[in-house]
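Per our numbering, numbering through the sequence shown is continuous, rising by one, with the last residue being 440.
For reference, the structure discussed in these notes is given below.
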Amino acid sequence: MDQFFQQLVNGLTLGSLYALIAVGYTVVYGIVQLINFAHGEVFMIGAFGALTTYLLFFNGDTSVWILPIMIIGAMIASVGTAVAMERVAYRPLRNAPRLAPLITAIGISVFLQEFMRLFYERPGWTVPVMAAIAVAIAYWVGAGMTDVPLNHPITKWRDRSPLLTAAAVPLLLWIGVRLAERDLSFVVSAGIVVGGLVLGTAIGLLAARLTGGAERARALVRPLAVVAVVTAVLLEVSWLIFEGIIAKVDWPSAKQRIPFPQIDVVTGPALEIGGVTIQRSAIFTIVALAICSALLWYFINRTRLGRGMQAVSQDPDTARLMGINVDRIIVVAFALGAVLAAVAGVSQGLQNSNIDFRMGFLAGLKAFTAAVLGGIGNVAGAVVGGLVLGVVEAMATQYIPGRFGGGSWKDVWAFVILILVLVFRPQGLLGARVVDRA
Numbered sequence: 003m004d005q006f007f008q009q010l011v012n013g014l015t016l017g018s019l020y021a022l023i024a025v026g027y028t029v030v031y032g033i034v035q036l037i038n039f040a041h042g043e044v045f046m047i048g049a050f051g052a053l054t055t056y057l058l059f060f061n062g063d064t065s066v067w068i069l070p071i072m073i074i075g076a077m078i079a080s081v082g083t084a085v086a087m088e089r090v091a092y093r094p095l096r097n098a099p100r101l102a103p104l105i106t107a108i109g110i111s112v113f114l115q116e117f118m119r120l121f122y123e124r125p126g127w128t129v130p131v132m133a134a135i136a137v138a139i140a141y142w143v144g145a146g147m148t149d150v151p152l153n154h155p156i157t158k159w160r161d162r163s164p165l166l167t168a169a170a171v172p173l174l175l176w177i178g179v180r181l182a183e184r185d186l187s188f189v190v191s192a193g194i195v196v197g198g199l200v201l202g203t204a205i206g207l208l209a210a211r212l213t214g215g216a217e218r219a220r221a222l223v224r225p226l227a228v229v230a231v232v233t234a235v236l237l238e239v240s241w242l243i244f245e246g247i248i249a250k251v252d253w254p255s256a257k258q259r260i261p262f263p264q265i266d267v268v269t270g271p272a273l274e275i276g277g278v279t280i281q282r283s284a285i286f287t288i289v290a291l292a293i294c295s296a297l298l299w300y301f302i303n304r305t306r307l308g309r310g311m312q313a314v315s316q317d318p319d320t321a322r323l324m325g326i327n328v329d330r331i332i333v334v335a336f337a338l339g340a341v342l343a344a345v346a347g348v349s350q351g352l353q354n355s356n357i358d359f360r361m362g363f364l365a366g367l368k369a370f371t372a373a374v375l376g377g378i379g380n381v382a383g384a385v386v387g388g389l390v391l392g393v394v395e396a397m398a399t400q401y402i403p404g405r406f407g408g409g410s411w412k413d414v415w416a417f418v419i420l421i422l423v424l425v426f427r428p429q430g431l432l433g434a435r436v437v438d439r440a
């Protein structure tokens, strides 16, 4: 009997991990009818985000108080990746045939794996990323300071060109100076900021005059100056962050398994309860699933954004007519899934004591299986499906005799369950049958 309860605990632990990832699949599918096969890589990047936070700020410390900060770092990495993925890769294909975003998702999955494998130990890629973020923030600040319309569906790029020019000029000046000399004095750095302000404003005004006339140029003087100076200042701050923090860390290679920090209290000696061994990281995973599920239920059922998600999942066109920003709802769906995937990534690292760039592929497939098992598009079904799948794997490993049992066959039995569900109950355990009408 102890053996049965031990496998039950192991299955619930594994299933909790699958459920955290599966919710991301089901939330996104419920809104946009898209199977995001790159979601496993969002989970992987969450684990690397937590590790990166640890290496940057707490290397060598194992105090339990740093765990929430690591989780926040994981969430930032996962949400940033998921939102960028939606904006760049999925939104342009929203009205395309369903095969197009599916193939795109597979391509993004491979890209993220290879990017992490090749560039995690080379932090220089963060410089252009921070520069792009600096330009985006500067443009957003400047655009918010003017009443000049910038989003006309036909002339929007012509209308935006003065502000973009005001941001591009300080960027080019900064790149040129930094390529010539990496270590600059405070006076030269201040000169870059002033020069970027003057040149960016002047050339931005010229672009405004050429594209909109003198009146529009006069209306954009202050926003252009703000865009130029914010760009120049943020670029310098980004460089200080890179030189002072990022470049000083000895980054490990992601081409092999990387040890994940073991945190006090949530890792360490296992607990013995009535002959059943319970790992501390397993308790963390199960508790994290319970808390995340409760918060997600409250968000969906008790908040305005959550009600908007329900409306968009039922009929996006009608929701748009009722004043709901469908694009915003879709971004929120991707972000929610990424948050739970980030928590799962931290849980996986704590359980296995290591992470690698391939960890998201199989975990993503298992989570997809869990989502289908519970009913794709049903959040509660994803949780139930994950737990059921984890328990089935654990029990199959222990109780199926002969050559078809053991740990090497647990993945096989997981996908056997998927096939059986697709054949006999394609809507899943908690899903409702949906009839497509022509």
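Note that CB positions come from ideal geometry on N, CA and C, so glycine has one too.
Would you list the residues sitting across from residue i in a DSSP beta bridge?
{"i": "isoleucine 280", "result": "Leu273"}
{"i": "asparagine 356", "result": "Pro261"}
Starting from the Cα of residue i, find the closest Cα among the options and give me that residue.
{"i": "isoleucine 459", "options": "Ser295, Ala79, Val171, Ala221", "result": "Beyond the ends of the chain as shown, which are 3 and 440, falls residue 459; an answer cannot be given."}
{"i": "leucine 114", "options": "Ala136, Pro428, Ala91, Val143", "result": "Ala91"}
{"i": "glycine 13", "options": "Leu391, Leu420, Asp413", "result": "Leu391"}
{"i": "alanine 134", "options": "Leu173, Thr305, Ser410", "result": "Leu173"}
{"i": "phenylalanine 336", "options": "Leu10, Ala21, Glu88, Phe59", "result": "Glu88"}
{"i": "threonine 106", "options": "Leu36, Val137, Met46, Leu291", "result": "Leu36"}
{"i": "threonine 269", "options": "Ala76, Ser355, Leu101", "result": "Ser355"}
{"i": "alanine 210", "options": "Asp185, Gly197, Ser163, Ile177", "result": "Ser163"}
{"i": "valine 328", "options": "Ala373, Gly310, Val345", "result": "Gly310"}
{"i": "tryptophan 299", "options": "Asn380, Phe6, Ala234", "result": "Asn380"}
{"i": "glutamine 350", "options": "Ala182, Ile260, Val232", "result": "Ile260"}
{"i": "alanine 398", "options": "Gly383, Ala382, Ile419, Gly387", "result": "Ile419"}
{"i": "glycine 362", "options": "Gln5, Tyr20, Phe6", "result": "Tyr20"}
{"i": "alanine 272", "options": "Phe286, Gly32, Thr371", "result": "Phe286"}
{"i": "valine 229", "options": "Lys257, Leu242, Leu199, Pro151", "result": "Leu199"}
{"i": "isoleucine 205", "options": "Phe6, Thr167, Ile293", "result": "Thr167"}
{"i": "phenylalanine 301", "options": "Leu338, Phe6, Pro403", "result": "Leu338"}
With a 10 Å radius around its C-beta and 16 neighbouring C-beta atoms as the bar for buried, classify residue i as buried or exposed.
{"i": "asparagine 303", "result": "exposed"}
{"i": "lysine 250", "result": "exposed"}
{"i": "glycine 215", "result": "exposed"}
{"i": "histidine 41", "result": "buried"}
{"i": "glutamine 492", "result": "As shown, the chain starts at 3 and ends at 440. That puts residue 492 outside it, with no answer to give."}
{"i": "tyrosine 401", "result": "exposed"}
{"i": "valine 425", "result": "exposed"}
{"i": "phenylalanine 39", "result": "buried"}
{"i": "proline 130", "result": "exposed"}
{"i": "glutamate 245", "result": "exposed"}
{"i": "phenylalanine 359", "result": "buried"}
{"i": "glutamate 217", "result": "exposed"}
{"i": "arginine 435", "result": "Note that arginine 435 scores a pLDDT of 48, beneath 50, so its modelled location is shaky and nothing firm can be said."}
{"i": "valine 437", "result": "For valine 437, the predicted model reports a pLDDT of 42, less than 50, meaning its position is unreliable and no value from the coordinates is stated."}
{"i": "glycine 146", "result": "exposed"}
Where residue i and residue j are concerned, what is the direct C-alpha to C-alpha distance, given to the nearest angstrom?
{"i": "isoleucine 288", "j": "glutamine 8", "result": "15 Å"}
{"i": "valine 25", "j": "valine 85", "result": "16 Å"}
{"i": "arginine 2", "j": "aspartate 319", "result": "Because residue 2 is not part of the residues shown, which for the chain are 3 to 440, the question remains open."}
{"i": "leucine 431", "j": "valine 385", "result": "11 Å"}
{"i": "valine 189", "j": "serine 255", "result": "37 Å"}
{"i": "leucine 441", "j": "valine 34", "result": "Outside the shown range of the chain (3 to 440) lies residue 441, about which nothing can therefore be said."}
{"i": "arginine 439", "j": "alanine 365", "result": "Residue placement at arginine 439 is poorly supported in this model, since its pLDDT is 38, which falls under 50; the coordinates are not used for a value here."}
{"i": "alanine 296", "j": "glutamine 353", "result": "23 Å"}
{"i": "glutamate 116", "j": "leucine 208", "result": "43 Å"}
{"i": "arginine 100", "j": "aspartate 252", "result": "43 Å"}
{"i": "alanine 234", "j": "tyrosine 141", "result": "12 Å"}
{"i": "isoleucine 357", "j": "methionine 118", "result": "12 Å"}
{"i": "aspartate 413", "j": "isoleucine 421", "result": "13 Å"}
{"i": "alanine 344", "j": "methionine 77", "result": "5 Å"}
{"i": "isoleucine 247", "j": "serine 410", "result": "43 Å"}
{"i": "valine 137", "j": "alanine 313", "result": "35 Å"}
{"i": "glycine 197", "j": "isoleucine 331", "result": "41 Å"}
{"i": "alanine 284", "j": "tryptophan 67", "result": "18 Å"}
{"i": "glycine 377", "j": "tyrosine 31", "result": "11 Å"}
{"i": "tryptophan 241", "j": "tryptophan 127", "result": "12 Å"}
{"i": "glycine 144", "j": "leucine 375", "result": "48 Å"}
{"i": "histidine 154", "j": "isoleucine 280", "result": "59 Å"}
{"i": "methionine 132", "j": "leucine 57", "result": "19 Å"}
Can you give the beta carbon distance from residue i to residue j, rounded, assuming they're within the 8 Å contact cut?
{"i": "leucine 323", "j": "serine 18", "result": "Their Cβ separation, rounded to whole angstroms, is 40 Å, which puts leucine 323 and serine 18 out of contact at 8 Å."}
{"i": "valine 29", "j": "threonine 83", "result": "Wrong, their Cβ atoms sit about 16 Å apart, outside the cutoff."}
{"i": "valine 348", "j": "glycine 48", "result": "7 Å"}
{"i": "tyrosine 122", "j": "phenylalanine 59", "result": "About 17 Å separates the two Cβ atoms, so there is no contact after all."}
{"i": "leucine 22", "j": "leucine 291", "result": "6 Å"}
{"i": "serine 80", "j": "valine 278", "result": "33 Å between Cβ atoms; not a contact."}
{"i": "threonine 148", "j": "proline 225", "result": "4 Å"}
{"i": "phenylalanine 417", "j": "tyrosine 27", "result": "About 16 Å; that fails the 8 Å criterion."}
{"i": "glutamate 274", "j": "leucine 16", "result": "Their Cβ separation, rounded to whole angstroms, is 20 Å, which puts glutamate 274 and leucine 16 out of contact at 8 Å."}
{"i": "aspartate 266", "j": "threonine 64", "result": "5 Å"}
Nearer than 6 Å: is that true of the beta carbon of residue i relative to any heavy atom of the ligand FMN?
{"i": "methionine 77", "result": "What this structure holds is no ligand at all, so the ligand FMN is not there to describe."}
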